[in-house]
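A.B. asks: Protein chains in written order, with the working numbering: chain H, 1 to 350; chain F, 351 to 700. Glycine included, every Cβ here is placed at the ideal spot set by N, Cα and C.
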DNA sequence: TCTGTATATGAATGCGCATTCATTAGCATG
DNA sequence: CATGCTAATGAATGCGCATTCATATACAGA
């Protein structure tokens with residue numbers, strides 16, 4: 001394991017050709033005789049040669065439209081969250097299928113995004129996907145200046161010159177209100193993320209708007225940090241007071257499940273007999289037999305396919321204006337809304 | 351956004367120094383006057399200069415012990431699985447804290463690991479972590495030849511010259527059997543991953559061994575693919591037959607929760623009254639109020655810290671022999687084993 | 001056989017940086 | 001003031017590859 005790895009020169013020598021020929025043998029579409037290519041490939045196999053991607057991207061740095069590093073940066077918060085874990089898994093598959101690698105950076109808050117981006121950009125990533133966080137105005141300009149396309153997933157562009165794919169949060173909030181209203185509820189609470197969270201605010205806004213149209217205002221309001229534990233705590237607070245809500249819309253399934261468990265198992269309440277509950281996202285656990293959580297589904301497979309597709313286009317044709325695409329959420333009726341669902345009459349675990 | 355980014359030459363010109371000086375200004379410990387360094391840093395800030403990590407690693411390729419690319423490869427299967435999502439999140443934090451970036455590659459089966467490694471190694475990663483999968487003998491040698499340390503997480507080395515961090519599966523299996531035996535069970539079933547899965551086999555072996563010591567053999571055996579759905583199906587099969595087991599040890603919490611939900615909500619069984627259940631891993635959902643799953647905990651924070659630490663050492667001092675570290679699992683008594691637990695008398699959701 | 005065109009090939013070059021080597025400046029001592 | 005030393009600096013170099021440019025070769029048509 002002494003000296004470094006095999007280079008194209010070694011292969012060239014072994015195959016009796018020039019280094020250029022070796023490079024051509026590994027470049028699809030290059031001008032090289034089939035016979036020569038075979039000879040090179042054989043020698044390469046013999047020596048265990050693997051082109052050095054780092055050197056390649058150094059070299060291609062000159063050419064304009066070429067793939068630069070082959071890496072896409074990913075900035076993500078809360079990777080533990082099933083919602084993000086699924087997203088990353090999906091992104092990974094799509095990106096890999098198109099020949100890109102993922103350079104992953106996790107951050108603890110939106111405040112760290114710029115720093116993460118800086119760090120990532122030193123690797124000359126060909127593009128970057130930011131999940132549920134937003135970059136600064138300044139950093140957006142830096143990215144543009146570097147020609148690095150940015151894709152915001154699950155976040156609004158807020159006027160920045162970047163692409164975005166997300167869910168129609170406002171509409172989703174209205175949808176949730178619709179069904180709760182239709183079920184005849186009147187004391188409807190909302191549980192969201194912290195006040196700074198755009199996504200949660202949009203869902204709340206749509207929800208509140210629809211309630212207002214029915215002459216109602218939210219009965220109560222709690223918030224958490226998108227974890228099960230914080231949902232559980234919010235649930236405990238919600239039902240500790242005197243006048244209880246008779247329905248809850250929660251801006252995230254994970255927290256909604258926290259509320260559900262708190263209500264059923266900490267407090268002994270019955271859902272949907274004592275109150276109705278609706279979540280957002282439709283994570284897998286929402287469909288578990290013991291949960292059967294009614295929720296607003298995000299079509300994440302389609303969303304991610306679209307996000308990768310838009311980003312790929314931007315990476316291949318730099319200079320194009322950014323695209324934004326919003327997907328509608330779908331109501332998934334299960335068993336946590338009174339009178340509405342697939343099995344409202346069956347036992348719900350109480 | 352025309353020509354490419356700012357280089358060290360641009361900064362040199364702006365600061366009125368040579369390119370070497372710029373490089374030194376960014377290299378801790380280099381011989382440069384403080385005054386000069388400040389001048390360079392000012393100019394760099396002015397121009398928005400960021401050192402090019404790709405070029406840097408090209409350049410440092412010559413020096414022996416130096417950090418090469420600053421990237422660590424990660425190969426993972428089933429990123430959707432909460433167990434892995436947590437692991438990746440943890441790895442990410444530790445690696446970042448030490449200044450490394452993660453180049454992530456997801457694979458669908460162990461068969462693809464070699465291919466993934468090849469792909470990753472083209473980026474001259476400084477090391478690689480493989481989660482719950484194993485590389486081939488041949489590829490292990492290639493990694494050694496390239497001086498790329500390999501860390502197997504959650505997998506045995508099987509004699510390969512690589513490092514590993516994992517849980518004592520055999521002991522864990524025994525532990526599970528211990529508690530079930532102590533609770534007085536006699537018709538004890540096992541649910542594992544598919545037959546090819548090492549982890550599952552080891553847990554089963556320990557479990558079966560301990561049962562044998564008590565004069566018992568497993569009452570029944572089912573397997574799944576580590577998803578909730580497959581656990582649920584296994585549960586359905588388990589209790590569809592005539593003679594039911596009175597206890598189940600499941601090699602993974604995710605599947606155990608599938609069994610739990612199937613039993614309670616599909617079949618109306620009571621846990622632990624009708625049967626006891628014990629899982630493995632201690633994922634967060636195991637502790638949810640409605641689950642309270644008794645399980646064998648993996649100390650994943652410590653395990654991951656240790657894995658990163660071992661890998662870091664190997665990356666910094668190449669040529670050192672690999673290390674393997676096995677952690678013991680801990681029994682977490684909750685409410686799914688009859689007569690043993692924190693609240694065996696409280697309602698369990700039935 | 002000669003010319004013209006298409007195709008293959010090798011030599012040379014540069015991507016952006018860290019480092020080595022040679023030189024110079026700065027400073028203390030005799 | 002000369003000498004010896006250290007610290008700071010710039011010029012030059014190469015990491016491994018893709019590409020350009022200039023040749024060389026093959027082959028068709030006249």
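Residue 80 of chain H versus chain F: which residues are under 7 Å apart at the beta carbon?
C.D. replies: Within 7 Å Cβ-Cβ: 435, 436, 439.
A.B. asks: Tell me, please, whether the segment 462-470 of chain F touches the segment 631-642 of chain F by the rule of three or more beta-carbon pairs shorter than 8 Å.
C.D. replies: No, because fewer than three Cβ pairs between the segment 462-470 of chain F and the segment 631-642 of chain F fall closer than 8 Å, the two stretches do not touch.
A.B. asks: Residues of chain H with a CB under 7 Å from the CB of residue 474 of chain F: which are they?
C.D. replies: Chain H residues near residue 474 of chain F: 52, 54.
A.B. asks: Among H/241, H/77, H/36, H/56, whose alpha-carbon lies nearest the alpha-carbon of residue 440 of chain F?
C.D. replies: With distances taken between Cα atoms, residue 440 of chain F lies closest to H/77.
A.B. asks: Would residue 407 of chain F count as contacting chain H if we go by Cβ distances under 8 Å?
C.D. replies: Closer than 8 Å to some Cβ of chain H, the Cβ of residue 407 of chain F qualifies, so yes.
A.B. asks: Does any residue of chain F have a CB that is nearer than 8 Å to the CB of residue 93 of chain H?
C.D. replies: Answer yes: the Cβ-Cβ gap between residue 93 of chain H and chain F drops below 8 Å somewhere.
A.B. asks: My output table needs one value for residue 346 of chain H: the three-state DSSP class, helix, strand or coil.
C.D. replies: The pLDDT assigned to residue 346 of chain H is 40, lower than 50, so where the model puts this residue is not dependable; a value taken from the coordinates is nonetheless given after this. It is coil, neither helix nor strand.
A.B. asks: Going by DSSP, which residues form a beta bridge with residue 325 of chain F?
C.D. replies: Nothing can be reported for residue 325 of chain F: it is not among the residues displayed for chain F, which extend from 351 to 700.
A.B. asks: State the CB to CB distance for the pair residue 626 of chain F and residue 560 of chain F, rounded to an integer number of angstroms; the pair is presumed to be in contact (CB under 8 Å).
C.D. replies: Actually they are not in contact, since the Cβ atoms of residue 626 of chain F and residue 560 of chain F sit about 15 Å apart, beyond 8 Å.
A.B. asks: Using the rule of at least 16 other Cβ atoms within 10 Å of the residue's Cβ for burial, across every protein chain shown, is residue 194 of chain H buried or exposed?
C.D. replies: Residue 194 of chain H should be labelled exposed.
A.B. asks: Around the C-beta of residue 359 of chain F, are 16 or more other C-beta atoms found within 10 angstroms, so that it is buried, or is it exposed?
C.D. replies: The residue is exposed, with fewer than 16 neighbouring Cβ atoms inside 10 Å.
A.B. asks: Among the residues of its own chain, which have a CB less than 6 Å from the CB of residue 246 of chain H, if the five just before and after it don't count?
C.D. replies: Once the five neighbours on either side are set aside, the close Cβ partners of residue 246 of chain H are 185, 187, 275.
A.B. asks: Taking DSSP as the reference, what is the three-state secondary structure of residue 114 of chain H?
C.D. replies: Of the three classes helix, strand and coil, the one that applies to residue 114 of chain H here is helix, per DSSP.
A.B. asks: Is any beta-carbon of chain F found at less than 8 Å from that of residue 270 of chain H?
C.D. replies: So no, residue 270 of chain H is outside the interface.
A.B. asks: On the DSSP letters alone, give me the boundaries of the beta strand (DSSP E) that residue 279 of chain H sits inside.
C.D. replies: It spans 276-281 - the beta strand (DSSP E) in which residue 279 of chain H sits, taken as one unbroken run.
A.B. asks: Consult DSSP for residue 621 of chain F and reduce its assignment to one of helix, strand or coil.
C.D. replies: If DSSP states are grouped into helix, strand and coil, residue 621 of chain F belongs with coil.
A.B. asks: Taking DSSP as the reference, what is the three-state secondary structure of residue 159 of chain H?
C.D. replies: If DSSP states are grouped into helix, strand and coil, residue 159 of chain H belongs with coil.
A.B. asks: Using only the alpha-carbon positions, how far apart do residue 648 of chain F and residue 142 of chain H sit?
C.D. replies: Going from the Cα of residue 648 of chain F to the Cα of residue 142 of chain H covers about 43 Å.
A.B. asks: What would DSSP say about residue 258 of chain H, mapped onto helix, strand or coil?
C.D. replies: Looking at residue 258 of chain H - three-state DSSP - the assignment turns out to be helix.
A.B. asks: Measure the C-alpha to C-alpha separation of residue 473 of chain F and residue 355 of chain F and round it to an integer number of angstroms.
C.D. replies: Straight-line Cα distance between these residues: approximately 22 Å.
A.B. asks: Against chain H, which members of the segment 477-500 of chain F pass a CB distance test of less than 8 Å?
C.D. replies: Residues passing the 8 Å Cβ filter: 492, 494, 495, 496, 497.
A.B. asks: Mind reading off the beta-carbon distance from residue 254 of chain H to residue 231 of chain H? Whole number of angstroms is fine, and I expect it under 8 Å.
C.D. replies: Yes, they are in contact, since the Cβ atoms of residue 254 of chain H and residue 231 of chain H sit about 6 Å apart, within 8 Å.
A.B. asks: Taking residue 301 of chain H as the reference, which of H/166, H/227, H/324 has the closest Cα?
C.D. replies: If we check each option's Cα against that of residue 301 of chain H, H/166 comes out closest.
A.B. asks: Should residue 593 of chain F be flagged as near chain H, meaning a C-beta pair shorter than 8 Å?
C.D. replies: For residue 593 of chain F, the answer is no, since every Cβ of chain H falls outside 8 Å of its Cβ.
A.B. asks: Just to confirm my understanding: we take residue 119 of chain H, look at its own chain, exclude 5 residues before and 5 after, and list those with CB closer than 7 Å. What are they?
C.D. replies: The residues are 105.
A.B. asks: For residue 572 of chain F, count neighbouring Cβ atoms within 10 angstroms of its own Cβ and tell me buried if that reaches 16, exposed if not.
C.D. replies: Result: buried.
A.B. asks: Do residue 58 of chain H and residue 126 of chain H have their CB atoms nearer than 8 Å?
C.D. replies: Against a cut-off of 8 Å, the Cβ pair of residue 126 of chain H and residue 58 of chain H comes out as no contact.
A.B. asks: Considering only the alpha carbon of each residue, which of F/570, F/391, F/365 lies closest to residue 539 of chain F?
C.D. replies: Considering only alpha carbons, the answer is F/570.
A.B. asks: Within 10 angstroms of the Cβ of residue 199 of chain H, are there 16 or more other Cβ atoms? Answer buried if so, exposed if not.
C.D. replies: Counting Cβ neighbours within 10 Å, residue 199 of chain H comes out buried, since at least 16 surround it.
A.B. asks: Tell me whether the beta-carbon of residue 207 of chain H lies closer than 8 Å to the beta-carbon of residue 244 of chain H.
C.D. replies: No, the Cβ-Cβ distance between residue 207 of chain H and residue 244 of chain H is not below 8 Å.
A.B. asks: Could you tell me which chain H residues have their CB closer than 7 Å to the CB of residue 504 of chain F, listed as they occur along the chain?
C.D. replies: Near residue 504 of chain F there are no residues of chain H at all, since even the closest Cβ is about 17 Å away, more than 7 Å.
A.B. asks: State yes or no: is the beta carbon of residue 569 of chain F nearer than 8 Å to at least one beta carbon in chain H?
C.D. replies: No, no contact with chain H.
A.B. asks: Using a C-beta to C-beta distance shorter than 9 Å, which residues of chain H count as neighbours of residue 468 of chain F?
C.D. replies: The contacting residues are 50.
A.B. asks: 8 Å is my cut-off, CB to CB: does residue 451 of chain F come that close to chain H?
C.D. replies: Output row for residue 451 of chain F: interface = yes.
A.B. asks: Tell me whether the beta-carbon of residue 585 of chain F lies closer than 8 Å to the beta-carbon of residue 618 of chain F.
C.D. replies: Result no, Cβ atoms of residue 585 of chain F and residue 618 of chain F do not sit closer than 8 Å.
A.B. asks: Please confirm if residue 105 of chain H has its CB atom under 8 Å from at least one CB of chain F.
C.D. replies: It does; some Cβ of chain F falls within 8 Å.
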